[in-house]
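Following numbering that gives the first Met the number 0, the numbering of the sequence shown begins with 0 at its first residue and continues without gaps. Input: a single structure, listed below in structure tokens.
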Amino acid sequence: MGQTAEKFEFQAEVNQVLDLVIHSLYSNKEIFLRELISNASDACDKLRFEAIKNDQLSSDDLHITVDFDKEAGTVTIRDNGIGMTKDEVIANIGTIANSGTRKYLESIAKKDRGDANLIGQFGVGFYASFIVADEVELRTRKAGEPADAAISWKSDGKNAYTLESIEKEEQGTEIILHLREEESEFLENYRLRNLIKKYSEHVAFPIKMLEIVFPEKDDDGNELPPKQPEYEVVNDATALWKKAPTDIKDEDYQAFYKQFSHDYSDAWTWTHNHIEGNQSYSNLLYIPAKSPFNMFQNPDERDGLKLYVKRVFIMDAAKELMPNYLRFVKGIVDSDDLPLNVSREILQDNPLLRKIRSGLVKRILSVLKKKTSTAEYTNFWSEFGEILKEGLVEDFSNRDAILKLVRFASTENDDDKQNVSLEDYVSRMKSDQEKVYYITGESWEAVKNSPHLELFKKKGIEVLLMYDRIDEWVMNQVFEFGDKKFQSVAKGALEFGDDTEKTPETTEEQKSFLEKIQEQLKEQVSEVKSSNRLVDSASCLVMDEQAMALHMQKLMEQAGQAMPGQLPSLEINMQHPLVKHIESVEDTERFGQWSELLFEQALLAEGGQLKNPAEYVHKMNRLMLDILQ
Ligand code: ADP
Ligand code: MG
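Next up, the structure:
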């Protein structure tokens, strides 16, 4: 083709990504092959899917080949999949098309665990070529387009690339890596085969390499001219999830997991089933061992669950296949009954899919239930517990099952380990105890030392300590575990089976004392009353049974969702020496300051923040000096 090459600059971010990929993944450089084969396999998947709708396209004999040329120093990965048009090449290869890399960039921009090692989690994709190559050529022809509509993309991975029209006989894409001199280890048949075995064994298309030809001798011992090597398939090339679980080794499951999930570590566990009946499907679902860094950010952008119909890849359908609170699950679902031309719109409201989804949820919950007795469950819980808890609100129909999976820290533990189940708690309840007591707050330190626990400590009643962000929101909507009601120790009135901790009757004098305090604090509290829950502290804040805890109100405010102010009531420990002192204060201004102090101390003690800390310190000092005089 006489046409000269056009030159294009990379997007600025591409340079940044290239730099990062090359430097941070150098120690893992062999993954370049996995990434390119994975793209080739995606391209075959896409073509097979398109061919269902378009008779002009043929999806026979889809396969991938890997070749090398020692003299030229090149490794070539070729597929006969969907290919790309010129515009697609520009959009996909010259820009940050890969959503994983984009997310990664965002994460380093925010310095949010922006650890270079993390890049592996995203599947760096095509750019991995430049870890081992100093020049890359991509030649591609879109399926259905004529041979002379092909395009060649070339780059040395530094700032720019060129595009040129070419002729290409076969549809699909060919990537030629000109290896750096020091990477010649990859110009070797066994080395490449081993990498394919290691990373791409379960790619569902045949991966072919030339056979290794050994010199042969004739009967007289003379060396024969070398035989022409032929292509042979070097991977398993079947859909792993369609096999019988008994035929699959653990290593195979793990290798398959790494291949499609981009996770470098082993999965924690998996469940693999073939469901027959009025709804036939196979599922292979994995629970990772570690939570990817962005798990909490964008439940809407999650991926990792692939929908197949009769072995044809249809689409990434994590949202359609799993509820938000199980967004850590990765895997494959292959339905025999859904139509092949199913669209995302159809999926969203499809009764078949709803059935599959509810079956998948039950399966995951039951896998987890079985795992609760293992030591590893604690690790699972610290990775994904906060997400799973969302299910208590999100999925009413499985609430009971999820309640058996949740774990909390407790006043029975010395540390912040969340390892107490509700069943443990109930089995330890005192004979006359009717409720499951809990406290929510901003941190373990804050709840563990909260004045609200004083009476419970004295009575030896266990309290569950909750300090994950979503706990307060969840507990506002979950009312019982079996026949036991939940009760926040910081809300409503506390009643015990016995009479011992009834609030003592207040005298007329005390009543007017409490009213005077209330008058001082009417902006901050709804009520001031004598308390039965305090032992060592002078005061504490108590919310209405239905109200949202203060730390939660603050969070909502910060998120720009100010709630109509729900004021706490202030409870006072009438036995406390400080309170007895305040009762004797006559000066109105001083009395006002003492009242504020009682409120502010209560707020501080539960981990809250003062509106004006400096003012608080001044006030403290004045009152202390008063007493000293
Ligand atoms: P990802 O695979 O995660 O999308 P990559 O960087 O690996 O990211 O690839 C970017 C895009 O380039 C792909 O989404 C695809 O559209 C296109 N692409 C890459 N390799 C091929 C190929 N062999 N055939 C067709 N398209 C390809
Ligand atoms: Mg890719």
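Positions of the beta carbon are idealized from the N, C-alpha and C atoms, including for glycine.
For residue i versus residue j, is the C-beta spacing smaller than 7 Å?
i, j, result
"Pro-245", "Ala-4", "For clarity, residue 245 is Thr in the given sequence; the question names Pro instead. For Thr-245 and Ala-4, no; Cβs fall outside 7 Å."
"Tyr-280", "Ile-286", "no"
"Thr-270", "Val-366", "yes"
"Gln-519", "Gly-440", "no"
"Ser-420", "Arg-398", "no"
"Ile-174", "Asn-188", "no"
"Gly-606", "Leu-549", "no"
"Ile-63", "Asp-41", "no"
"Lys-167", "Arg-192", "no"
"Phe-129", "Ile-21", "yes"
"Leu-566", "Ser-594", "no"
"Ser-426", "Leu-463", "no"
"Met-321", "Leu-304", "yes"
"Ile-30", "Ala-159", "no"
"Val-88", "Ile-150", "yes"
"Val-131", "Glu-182", "yes"
"Leu-283", "Trp-240", "yes"
"Leu-391", "Val-308", "no"
"Gly-80", "Leu-46", "yes"
"Ser-58", "Ala-50", "yes"
Would you list the one or two residues that DSSP bridges to residue i?
i, result
"Tyr-160", "Phe-7 and Ser-154"
"Arg-77", "Thr-64 and Glu-173"
"Asp-315", "Lys-305"
"Val-541", "Ser-568"
"Met-465", "Thr-439"
"Ile-286", "Thr-268"
"Lys-528", "Glu-570"
"Ala-149", "Ile-165"
"Phe-455", "Answer is none; Phe-455 lacks a bridge partner."
"Lys-216", "Glu-222"
"Leu-178", "Ala-132"
In whole angstroms, give me the CA-to-CA distance for residue i and residue j.
i, j, result
"Glu-389", "Ser-449", "25 Å"
"Lys-289", "Lys-361", "22 Å"
"Gln-10", "Thr-172", "23 Å"
"Val-486", "Tyr-436", "Contrary to the premise, residue 486 reads as Gln rather than Val in this sequence. Distance between the alpha carbons of Gln-486 and Tyr-436: 5 Å."
"Pro-503", "Glu-471", "30 Å"
"Asp-415", "Phe-379", "16 Å"
"Lys-196", "Val-233", "8 Å"
"Ile-76", "Leu-32", "8 Å"
"Asn-14", "Gly-82", "24 Å"
"Leu-603", "Ile-345", "53 Å"
"Asp-54", "Pro-145", "16 Å"
"Ile-386", "Ile-165", "51 Å"
"Trp-443", "Tyr-466", "6 Å"
"Val-527", "Lys-370", "48 Å"
"His-451", "Val-541", "9 Å"
"Lys-52", "Ala-148", "22 Å"
"Ala-142", "Phe-204", "17 Å"
"Lys-6", "Val-16", "20 Å"
"Glu-494", "Leu-554", "30 Å"
"Asn-352", "Pro-338", "It should be noted that the sequence gives Leu, not Asn, for residue 352. One C-alpha to the other measures close to 11 Å."
"Tyr-263", "Lys-216", "45 Å"
"Leu-223", "Glu-229", "17 Å"
"Gln-557", "Lys-153", "49 Å"
"Ser-568", "Cys-539", "8 Å"
"Gly-156", "Leu-19", "12 Å"
"Lys-242", "Lys-458", "58 Å"
Can you tell me whether residue i is helix, strand or coil according to DSSP?
i, result
"Gln-486", "strand"
"Asn-272", "strand"
"Ala-408", "strand"
"Val-425", "helix"
"Glu-184", "helix"
"Glu-231", "strand"
"Ser-442", "coil"
"Thr-139", "strand"
"Ile-626", "helix"
"Met-551", "helix"
"Val-435", "strand"
"Lys-207", "strand"
"Asp-333", "strand"
"Ile-460", "coil"
"Ala-132", "strand"
"Glu-599", "helix"
"Glu-479", "strand"
"Asp-26", "Before going on, a small fix: residue 26 reads as Ser here, not Asp. Helix at Ser-26."
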